[in-house]
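2 protein chains.
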Amino acid sequence: MLSKKTKYGLKALTYLAKVEGREPVQIAEIAKQENISQKFLESILLTLRRNGLLGSKKGKGGGYYLIKDPEDILMTTVMRVLEGPIAMVPCVSLNFYEKCDDCPDEVECSVHKLMLQVRDSALDVYRNNTLADLL
Amino acid sequence: MLSKKTKYGLKALTYLAKVEGREPVQIAEIAKQENISQKFLESILLTLRRNGLLGSKKGKGGGYYLIKDPEDILMTTVMRVLEGPIAMVPCVSLNFYEKCDDCPDEVECSVHKLMLQVRDSALDVYRNNTLADLL
DNA sequence: GAAATCCCTACTAATCCGATAGGGTAATTA
DNA sequence: TAATTACCCTATCGGATTAGTAGGGATTTC
Numbered sequence: 002m003l004s005k006k007t008k009y010g011l012k013a014l015t016y017l018a019k020v021e022g023r024e025p026v027q028i029a030e031i032a033k034q035e036n037i038s039q040k041f042l043e044s045i046l047l048t049l050r051r052n053g054l055l056g057s058k059k060g061k062g063g064g065y066y067l068i069k070d071p072e073d074i075l076m077t078t079v080m081r082v083l084e085g086p087i088a089m090v091p092c093v094s095l096n097f098y099e100k101c102d103d104c105p106d107e108v109e110c111s112v113h114k115l116m117l118q119v120r121d122s123a124l125d126v127y128r129n130n131t132l133a134d135l136l
Numbered sequence: 002m003l004s005k006k007t008k009y010g011l012k013a014l015t016y017l018a019k020v021e022g023r024e025p026v027q028i029a030e031i032a033k034q035e036n037i038s039q040k041f042l043e044s045i046l047l048t049l050r051r052n053g054l055l056g057s058k059k060g061k062g063g064g065y066y067l068i069k070d071p072e073d074i075l076m077t078t079v080m081r082v083l084e085g086p087i088a089m090v091p092c093v094s095l096n097f098y099e100k101c102d103d104c105p106d107e108v109e110c111s112v113h114k115l116m117l118q119v120r121d122s123a124l125d126v127y128r129n130n131t132l133a134d135l136l
């Protein structure tokens, strides 16, 4: 299951991508328009900012804004930041690899074989979609 | 993340597919060979049986066995039985569809757009893999 | 009829998720 | 420079889920 964190994060990014110019948008506005708990959204936008996807401006007229063009924001990045590993098992993860403690032989493992294909197909989708493609 | 339930279930199916003839195999044997908690595995094999993927035989010399040829066991079926919906969000699920309670317009929703592609690519993998392909 | 084995229910410890609460800090504007 | 606005950060919590445990049937075969 996709976490609400990721779902809300994606919606917020989409919302910001639609904004004219690059005007900062307040958390409260996004939360209201997208039906998201404001405090929860706050923490999500914060992690997006920490990971270089958003910029923020404090004080009156402040808010969050996209730091790059929507065309340059890959879903691979977004998903890794919000959802974590793309692979369904650590033993087929590119960025979060971990050996299984059971499973003596990775090459022979049926789970490994299957999940490798699933990972590749998901990666394929994420690599071929930027934020701009979702508008 | 893939649940251990699914992981163990897949391993058990693979194990049974490798067995000569269609001799019943005891839970204890599979559990030991594949490093799985026996009681936990028991409940998994039970759901596989209830869903028509395995047969069982009681009494001495009993155990579990494949009820169909490995070539005829699709991963789509296995995944749905063990892991549940293939889609990451209910609003793009074929067999477990549910409308989002937020989200006024599904067609405009960026999450929907992206997850639809992910579902299709995963389905593609599962439809093109039978148990026989994983041996 | 005894042994082997499947079958079923209930419980639990640990973890994660989504959300809430509350206050601190920095920047803008009057 | 003071008030306001809005971001920033920490802590906490209820509920759901997961992975596993325990214990005891019920059935079949030898």
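Chains A and B, in that order, give the protein sequences.
By this note's numbering, the letter at position 35 of the first sequence is numbered 36, and the numbering carries on one by one without gaps.
By this note's numbering, the letter at position 65 of the second sequence is numbered 66, and the numbering carries on one by one without gaps.
Beta carbons: idealized from backbone N, C-alpha and C, even for Gly.
Rounded to a whole number of angstroms, what is the C-alpha to C-alpha distance between residue i and residue j?
i: A:T78; j: B:K6; result: 29 Å
i: B:S94; j: B:K61; result: 43 Å
i: A:A123; j: A:A18; result: 23 Å
i: A:S111; j: B:D70; result: 16 Å
i: A:R23; j: A:A32; result: 18 Å
i: A:R50; j: A:S4; result: 19 Å
i: B:E107; j: B:A88; result: 15 Å
i: A:F97; j: B:S38; result: 26 Å
i: A:E99; j: B:L117; result: 29 Å
i: A:L82; j: A:T48; result: The amino acid occupying residue 82 of chain A in the given sequence is Val; Leu does not appear at that position. A:V82 and A:T48: Cα-Cα distance of roughly 8 Å.
i: A:I68; j: B:F41; result: 48 Å
i: A:N130; j: A:V119; result: 17 Å
i: B:A133; j: A:L54; result: 44 Å
i: B:K59; j: B:P25; result: 10 Å
i: A:Y65; j: A:S44; result: 12 Å
i: B:V90; j: B:P105; result: 16 Å
i: B:G10; j: A:E21; result: 51 Å
i: B:M2; j: A:I28; result: 30 Å
Identify the continuous beta strand (DSSP E) that holds residue i and give its terminal residues.
i: B:S57; result: 55-58
What span of residues does the alpha helix (DSSP H) with residue i cover, start to end?
i: B:G64; result: Segment 64-67 is the beta strand (DSSP E) holding B:G64; no alpha helix (DSSP H) there.
i: A:I45; result: 39-51
i: A:T7; result: 5-19
i: A:Q34; result: 28-35
Interface residues of chain B around residue i at Cβ under 8 Å?
i: A:N130; result: L115, Q118
i: A:K8; result: V90, V112
i: A:L95; result: The contacting residues do not exist; A:L95 stays about 16 Å from chain B at best.
i: A:K11; result: The sequence shown places Leu at residue 11 of chain A, rather than the Lys named in the question. Here the neighbours are S111, V112, L115.
Strictly below 9 Å CB to CB, what residues from chain B border residue i?
i: A:T15; result: C110, S111, V112
i: A:L139; result: Limits of chain A in this structure are 2 at one end and 136 at the other, which puts residue 139 of chain A out of reach.
Who are the neighbours of residue i on chain A, taking C-beta pairs under 7 Å?
i: B:V126; result: Q118, V119, S122
Whose Cβ in chain B lies nearer than 7 Å to the Cβ of residue i?
i: A:L3; result: M89, V90, M116
In the segment 73-117 of chain B, which residue ranges form an unbroken alpha helix (DSSP H) of at least 4 residues, counting only runs that do not cross its ends? Listed in chain order, the complete alpha helix (DSSP H) runs (minimum 4 residues) inside the segment 73-117 of chain B are 76-83.
Please list the residues of the segment 32-45 of chain A that have a C-beta atom closer than 9 Å to any C-beta atom in chain B, keeping them in chain order. Under the 9 Å Cβ criterion, the segment 32-45 of chain A contributes E35, N36, I37.
Short-range partners of chain A found in the segment 101-124 of chain B, where Cβ spacing is below 7 Å: Within the segment 101-124 of chain B, the residues whose Cβ lies closer than 7 Å to any Cβ of chain A are, in chain order, D103, S111, V112, K114, L115, M116, Q118, V119, S122, A123.
By the 7 Å beta-carbon criterion, what residues does the segment 64-91 of chain A contribute toward chain B? So the close ones are M76, M89, V90.
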